[in-house]
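Reminder that position 283 of the sequence shown reads as 283 in full-length UniProt numbering, one-by-one numbering, no gaps. All residues carry an ideal CB built from backbone N, CA and C; glycine is no exception. Source: prediction; values computed, not measured. This report concerns only the one structure given below.
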Amino acid sequence: MLIDIGSVYGANFKEAPEELYFALDEIVSVVSRIEEKRSEAPGTVLVITRDEIRERGYRDLVDLLKDCPGFDIQERIGGQDGGTYVIPRGIWGNNKVQVLLNGVPLNPMNGTHIVFGHHLSLWHLKQVEILYGPASAVYGADAFSAVINMVTDEPQKRPDELELSYQMANHDTFESYGLFSKKFGEDSGASLYIHGFRTNDFNLRDEYKNHRIDNGFGLKTPIYELDKPYETPEQDLDIYFDSKFGHWRLFGEYLGTRQPNNIQTIFYTGRSQLKKDKAELRTLALALENLVNFSDYFFLKSLVNYQYYILDPDSDYGRYSFDNYIFERSKAVEWREQLQWKGDEGTDLSLGFAVRRVSAFPYINSRTPFDEGTKYEDFPIIKIQTLDDRIIDIPPIVEREYWSYGLFSQLTRKISDSVKGVVGIRYDWDTFNHENSFNPRIGLIIKPWEKDTFKLLYGTAFISPSPYFRYKEWLGTNYAHLPPDVMGTKLKPERLKTFEIAYIKRLNFAELNISAFYSITKDAIQEAGAQVSGNTLYLSNGEVIDNAVIEYPINSGKQRTFGIDLLFTGRVSKCLSYRAWYSFINARTKLMGKTFDAPKVSTHKFGFGLTLRPSNSLLMNLRTRWWSGIHTQPGNPLFHGGKIKGKCIVDAHLSYKTPIKRVEFTLDAKNLLNVDYFTAGAQSEDHRFGGSLPLIPQRPREIYFGLTYIF
1 MLIDIGSVYG
11 ANFKEAPEEL
21 YFALDEIVSV
31 VSRIEEKRSE
41 APGTVLVITR
51 DEIRERGYRD
61 LVDLLKDCPG
71 FDIQERIGGQ
81 DGGTYVIPRG
91 IWGNNKVQVL
101 LNGVPLNPMN
111 GTHIVFGHHL
121 SLWHLKQVEI
131 LYGPASAVYG
141 ADAFSAVINM
151 VTDEPQKRPD
161 ELELSYQMAN
171 HDTFESYGLF
181 SKKFGEDSGA
191 SLYIHGFRTN
201 DFNLRDEYKN
211 HRIDNGFGLK
221 TPIYELDKPY
231 ETPEQDLDIY
241 FDSKFGHWRL
251 FGEYLGTRQP
261 NNIQTIFYTG
271 RSQLKKDKAE
281 LRTLALALEN
291 LVNFSDYFFL
301 KSLVNYQYYI
311 LDPDSDYGRY
321 SFDNYIFERS
331 KAVEWREQLQ
341 WKGDEGTDLS
351 LGFAVRRVSA
361 FPYINSRTPF
371 DEGTKYEDFP
381 IIKIQTLDDR
391 IIDIPPIVER
401 EYWSYGLFSQ
411 LTRKISDSVK
421 GVVGIRYDWD
431 TFNHENSFNP
441 RIGLIIKPWE
451 KDTFKLLYGT
461 AFISPSPYFR
471 YKEWLGTNYA
481 HLPPDVMGTK
491 LKPERLKTFE
501 IAYIKRLNFA
511 ELNISAFYSI
521 TKDAIQEAGA
531 QVSGNTLYLS
541 NGEVIDNAVI
551 EYPINSGKQR
561 TFGIDLLFTG
571 RVSKCLSYRA
581 WYSFINARTK
591 LMGKTFDAPK
601 VSTHKFGFGL
611 TLRPSNSLLM
621 NLRTRWWSGI
631 HTQPGNPLFH
641 GGKIKGKCIV
651 DAHLSYKTPI
661 KRVEFTLDAK
671 NLLNVDYFTA
681 GAQSEDHRFG
691 GSLPLIPQRP
701 REIYFGLTYI
711 F
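What follows is the structure, encoded as structure tokens:
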């Protein structure tokens, strides 16, 4: 972390003492849900502060994660609900990454995967805390591969001001935000943040018209069908409010995104790139928090939060051969209590419970749209006849209601002057799957010298079979996805355990972070794990589909992953700082008796950035990231289990504070060198598939120009 010296010593940052550049050990809450120093927390944590966000020009959460060790980011891959895949340390699945706002989940509480986009913006944040690895010992289900906490300032700690910004880009793109804060007293205040994004985006069909690929039949074809329309508009909106009165805090966020789907595709798969093919998702999260300090050693933190999530019924998923509507919805209320006791001689004890009630309407993909309610009776399939002549009736799709309960505890004990031990455990049970789960955490924090810290860590996590996996249904031309319950299969939780060694070296002018990890995943939930052909589908309109393929989820296979993450930050002078990172990941997946490299993951990744402040008014940042070849599925007809070629991408950020007080101009360039590059597709990690979306063109150079004024 580099501290913004201007914020510490006023406008003339050159007067600041050198030691301040690396003097702070950030306070984080993502590891244990209590505030603690980053170096002493029982987990590997990366903190990106407000000043770092702005000086590097990060625009949203995906932008930030691209510049962090250990993450593979597969952008603009389309799919049935839009998308970008965020893959920490080789573990694939957006439902396995928990995104929080001040500790409150933004992931849909029904267990479906979060959709990343411009609506997860950053300009209102104090810092972003990234916890690598499993954390079910604290958060329960689905805190699997990483937990990302987006933290805002309490409103009474912000200055009274109004900040307005307007930005535009070269690809018919406009973005703006407003941030207002007002302090009412020492312990009360309010703030409001509104951010919007709109684009018609690049026409990638024209941008990549000179690229040709082997279509699997020995012919070279364009990536996109040149005589078909190509329209990929996107709209995003996020609104955040916060209020604090004494020890009560009420805050909330609205997230809305309209993203194209099926846009990044080779045309012979039959998928279209039309304006109607979009996913509209909305999330509303509200939280009421109360913190009571009974003494200097004893406090109670209470939180009640409500979440409403919907994949709008007007969302559309089409191919040239059919046109379907998609829908999903959940409502949830959670009550959480956490009691912390700070004892003498370095003993801390944390106890708590969490109760959650969820009402979830499962994901559907059908030929008629869904009208609001709790039952959908228009799914086309009414019964199936299997190859062995079994007759299976397909029931209506109904809303599911269930409860989940969690009990957790964590004990921290100072063993000696240089050694601290941490032991935590959480027990979870729900009325949906009727499964219980124990998840421990063990940590040993060793500080042999003042500026050196070693961590020995062990943790576990689980993915609870969600309504998305248990009851998702869709129908194509002669292909259907049905619930595993209908097919007589019961899903089990997917489980992960990780061993990790971490080292932090702090200097006055630099900081080194190294972590080495080994993870084992078992009982992975494969969305299309079972495929059965030769079925007859009977539809409600009297149509009969012979020789149809039915797929459904099963627990199948395991993955072993080991790797190293390295991050080094420092400064050359008071005007010039740098940041370098490297990641090595070896992820091997075993499915159906076949072992192969985990798809969508690159083995080597490297990043480097420079920040130059030649004056109080001018800041320049240049950063680059390089990755080795991206592994693909063995069934991929283009690469046959090989790799998509790695690339090096350069981004730049420039900001200038004008002589006019509080007016700032910004200029951002993403993919500055205008490199053509590709990522892997949206298919599952199953080795039998991968042909549908094997090659995903990415955006060319983007230039953003912005004006910000603070009243």
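So, is residue i buried or exposed, given that buried needs 16 or more other C-beta atoms within 10 angstroms?
i	result
L61	buried
P17	Here the model assigns P17 a pLDDT of 47, short of 50, so the residue's position is not dependable and the matter cannot be decided.
W92	buried
K278	buried
S577	buried
M109	buried
N94	buried
C68	buried
G690	Its pLDDT being 43, under 50, G690 is placed unreliably by the model, and nothing is read from it.
T84	buried
D389	exposed
K645	exposed
K244	buried
K375	exposed
K220	exposed
M150	buried
S684	With a pLDDT of only 48 at S684, under the threshold of 50, the placement of this residue in the model should not be trusted, and no figure is reported.
E35	exposed
residue 719	The structure shown does not extend to residue 719, since the chain spans only 1 to 711, so no value can be given for it.
V358	buried
W627	buried
Check whether the Cβ atoms of residue i and residue j sit closer than 8 Å, and answer yes or no.
i	j	result
L491	F469	yes
I130	I114	no
G185	L164	no
residue 718	I442	For the chain, the structure presents residues 1 to 711; residue 718 sits outside this window and is missing.
P599	Q633	yes
T347	T412	yes
L101	L64	no
A530	E551	yes
V601	I73	no
I415	S39	no
P42	V31	yes
F438	I446	no
How far does the beta strand (DSSP E) with residue i in it extend, from its first residue to its last?
i	result
residue 719	This structure does not reach residue 719, given that the chain is present from 1 up to 711, and the question cannot be answered.
K182	173-185
V147	146-151
P467	It is not in any beta strand (DSSP E) - P467 instead sits in the alpha helix (DSSP H) that spans 467-471.
V663	663-670
H481	479-481
R560	558-571
A41	No beta strand (DSSP E) contains A41, which DSSP labels as neither H nor E.
N547	544-555
G424	419-430
R588	576-591
V650	648-657
E163	161-169
At which residues does the alpha helix (DSSP H) containing residue i begin and terminate?
i	result
V31	Counting along the chain, V31 falls outside any alpha helix (DSSP H), and DSSP gives it neither H nor E.
F294	Neither: F294 is in no alpha helix (DSSP H) and is coded neither H nor E.
E52	50-56
L64	61-66
Y139	136-139
Let me check you understand the geometry: is the CB of residue i closer than 7 Å to at least one non-hydrogen atom of the ligand SAM?
i	result
W626	As presented, the structure is devoid of all ligands, the ligand SAM included, so that no description of it is given.
Please report whether the beta-carbon of residue i lies at a distance below 8 Å from any beta-carbon of chain D.
i	result
L591	Protein chains in the displayed structure number just one, and chain D is not present.
- Task: With a floor of 4 residues, list each alpha helix (DSSP H) that falls wholly inside the segment 311-388, ordered by position along the chain.
- Result: none
- Counting only runs of 3+ residues fully inside the segment 72-127, write out the beta strand (DSSP E) ranges in chain order. 85-88, 97-101
- Specify whether the segment 529-545 and the segment 363-382 touch according to this definition: at least 3 beta carbon pairs, one from each stretch, less than 8 Å apart. yes
- Residue ranges of each alpha helix (DSSP H) run of no fewer than 4 residues wholly in the segment 491-531, ordered along the chain? none
- Message: Could you check whether the segment 233-252 touches the segment 192-202, counting it as contact only if at least three pairs of C-beta atoms, one from each stretch, sit closer than 8 Å?
- Response: yes
- Between the segment 675-682 and the segment 654-661, do at least 3 Cβ pairs fall closer than 8 Å? No, the segment 675-682 is not in contact with the segment 654-661.
- Between the segment 132-148 and the segment 281-299, are three or more C-beta pairs nearer than 8 Å? no
- Task: Would you be able to state if there are at least three C-beta pairs under 8 Å between the segment 42-51 and the segment 546-563?
- Result: no
- Kindly provide the ranges of any alpha helix (DSSP H) runs that are 4 or more residues long and lie completely inside the segment 195-249, ordered along the chain. Runs of the alpha helix (DSSP H) inside the segment 195-249: 204-207.
- Pair every Cβ in the segment 154-174 with every Cβ in the segment 499-514, then say whether three or more of these pairs are closer than 8 Å. no
- Three CB pairs or more closer than 8 Å across the segment 472-482 and the segment 355-372: yes
- Message: Can you confirm whether the segment 283-295 touches the segment 247-263 when touching is taken to mean that 3 or more C-beta pairs between the two stretches lie within less than 8 Å?
- Response: yes
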